[in-house]
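**Q** Adding 10 to a residue's 1-based position in the sequence shown gives its number in our numbering.
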Amino acid sequence: MKDRVAMVSGGAGGIGTEIVRSLHAQGYKVASTCTVMECARVQQWKKERELEHVEVVMVEVDVRNYESCLKGVEEVESRLGPIDVLVNNAGITKDGVMKKMSPEQWQSVIDVNLTGTWNMTKAVLDGMLERQYGRIINISSVNGQKGQFGQVNYAAAKAGMHGITMSLAQEVARKGITVNTVSPGYIGTDMVMAIDEEIRNKIIATIPVGRLGKPEEIARLVTFLAAEESGFMTGADFSINGGMYTH
Ligand code: CAA
Ligand code: NAP
11 MKDRVAMVSG
21 GAGGIGTEIV
31 RSLHAQGYKV
41 ASTCTVMECA
51 RVQQWKKERE
61 LEHVEVVMVE
71 VDVRNYESCL
81 KGVEEVESRL
91 GPIDVLVNNA
101 GITKDGVMKK
111 MSPEQWQSVI
121 DVNLTGTWNM
131 TKAVLDGMLE
141 RQYGRIINIS
151 SVNGQKGQFG
161 QVNYAAAKAG
171 MHGITMSLAQ
181 EVARKGITVN
191 TVSPGYIGTD
201 MVMAIDEEIR
211 NKIIATIPVG
221 RLGKPEEIAR
231 LVTFLAAEES
241 GFMTGADFSI
251 NGGMYTH
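1. Which of the three DSSP states is assigned to residue 70 in this structure?
2. Could you tell me the boundaries of the alpha helix (DSSP H) in which residue 177 lies?
3. Quick check on residue 41: does DSSP put it in helix, strand or coil?
4. Can you find a heavy atom of ligand 1 that lies under 7 Å from the Cβ of residue 196?
5. Which residues in the same chain as residue 160 place their Cβ atom closer than 8 Å to its Cβ, once the five residues preceding and following it in sequence are excluded?
6. Taking 8 Å as the cut-off, decide whether the C-beta atoms of residue 62 and residue 47 are in contact.
7. Leaving out the 5 sequence neighbours to the left and right, which residues in its chain are closer than 6 Å to residue 55 when beta-carbon positions are compared?
8. Assign residue 96 to one of three DSSP states: helix, strand, or coil.
9. The alpha helix (DSSP H) that contains residue 153, what's its start and end?
10. Hey, could you find the ends of the beta strand (DSSP E) residue 249 is sitting in?
11. If distances are taken between C-alpha atoms only, which option among 237, 189, 185 and 256 comes closest to residue 142?
12. The alpha helix (DSSP H) with residue 209 in it runs from where to where?
13. Rounded to whole angstroms, how far is the Cβ of residue 173 from the Cβ of residue 251, which I believe are closer than 8 Å?
14. Mapping the DSSP letters down to three states, classify residue 75 as helix, strand or coil.
15. Can you check which of these residues, 169, 249, 210 and 26, is closest to residue 100 by C-alpha distance?
16. For residue 273, write down the residues that DSSP places opposite it in a beta bridge.
17. Using the Cα positions of residue 126 and residue 133, report the straight-line distance between them to the nearest angstrom.
18. Measure the alpha-carbon distance for residue 175 versus residue 235 and round it to whole angstroms.
19. Determine the burial state of residue 84: buried for a count of at least 16 other Cβ atoms within 10 Å of its Cβ, exposed for fewer.
20. Taking contact to mean 3 or more Cβ pairs, one atom from each stretch, closer than 8 Å, check whether the stretch 216 to 224 and the stretch 149 to 169 are in contact.
21. I'd like the list of long-range same chain contacts for residue 231, defined as Cβ closer than 7 Å, with 5 residues on each side in sequence excluded.
22. Any heavy atom of ligand 2 closer than 7 Å to the CB of residue 74?
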């Protein structure tokens, strides 16, 4: 995939890091967003990538804000060239039962996960349409497919992401652009490690494969969908959940 450019939102997170590495290994020029560039965690992340010779253009973007997305996309395109692949990976959880959930808990999860996906996609779409090529991959969740106790906000946002996928895929299918959803099950990142241990162990016990997924396993699917050869797959929702939810 020499000379193709891929942009990953939230590329410095648990799953994002492996997506960045995998796309880079396939020869893409890779860019990632981060919310705060000048912080110890992101600086350390950049150092680690440098040590393993993974070149990443990092841009500060808040996906909740359309102008910020537009600016980030413009910066990436001026430094690397037109964006061919967008991975909408930025996401947060703010779990709680509906009875206890505040409007802020609802809105913030919708803003990052759902509106963030629309904002980033809108920011790259005109360029992809002009060039008649693109791969857009939305990282949703098994919980957007099946619902989850304590996640009305997150499940709504993640199900909504697939609504974007299905509709946009139809709009751009004849323009060389594919749009797909990847729906991971529970993957061993900070997001899942934040769940109370006892509850987490109960959840793991419901996964037929018998373990949490690995970020590399998600990255492998994303890289597959990003390929030029994957042009006939569009509007689909790819489950990758260790058998937790079959449908
Ligand atoms: N189904 C049915 N009942 C349940 C239940 C379940 N899954 N979980 C808890 N309950 C019951 C409890 O037994 C309890 O019953 P009683 O009142 O009769 O005792 C009641 O519901 C209240 O439960 P909690 O005390 O646990 O409620 P809480 O407010 O303390 O906690 C919660 C709620 C924070 C949502 C907690 O249950 C939780 O963390 N659940 C896990 C949510 C989850 O899976 N999040 C995924 C995060 S990672 C991610 O999102 C990535 C991804 O895409 C997969
Ligand atoms: P993570 O490690 O917490 O990473 C989340 C990333 O989202 C971070 O890099 C963060 O950026 C970014 N982000 C958060 N708010 C943002 C904002 N306003 N603007 C831009 N970026 C923002 O989580 P993860 O487990 O890797 O999850 C990655 C994606 O996979 C999420 O969409 C998540 O919902 C989804 N998912 C995860 C699992 C799982 O089990 N882990 C399962 C299914 C789906 P910073 O680096 O700047 O903080």
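Beta carbons are placed, not taken as given, at the ideal position from N, Cα and C, and that holds for glycine.
**A** The answer reads as follows:
1. In the three-state DSSP reduction, residue 70 falls in the strand class (E or B).
2. Start and end: 162 to 182.
3. Residue 41: strand per DSSP, three-state reduction.
4. Flag set: Cβ of residue 196 near ligand 1.
5. Leaving aside the five residues that flank residue 160 on each side, the residues in its chain whose CB is nearer than 8 Å to its CB run, in chain order, 105, 106 and 107.
6. Annotated as distal: residue 62 and residue 47, with beta-carbon spacing of 8 Å or more.
7. Contacts found: 22.
8. Under the three-state reduction of DSSP, residue 96 is assigned to strand.
9. Here the alpha helix (DSSP H) through residue 153 covers 152 to 156.
10. In the DSSP annotation of this structure, the continuous segment of the beta strand (DSSP E) that includes residue 249 starts and ends at 247 to 250.
11. Answer by Cα proximity: 185.
12. If you look at residue 209, you'll find it in the alpha helix (DSSP H) that goes 207 to 214.
13. Wrong, their Cβ atoms sit about 20 Å apart, outside the cutoff.
14. Assigned with DSSP and collapsed to three states, residue 75 falls in coil, not helix or strand.
15. For the residues 169, 249, 210 and 26, the minimum Cα distance to residue 100 belongs to 26.
16. Residue 273 is absent from the structure shown; the chain starts at 11 and stops at 257.
17. In this model, residue 126 and residue 133 are separated by some 11 Å (Cα to Cα).
18. Each residue's Cα considered, the two are about 13 Å apart.
19. The residue is exposed, with fewer than 16 neighbouring Cβ atoms inside 10 Å.
20. With a cut-off of 8 Å, the stretch 149 to 169 and the stretch 216 to 224 do not count as touching, because too few Cβ pairs lie within range.
21. Excluding residues within five positions, the ones whose Cβ falls inside 7 Å are 192, 248 and 250.
22. Correct: residue 74 has its Cβ closer than 7 Å to ligand 2.
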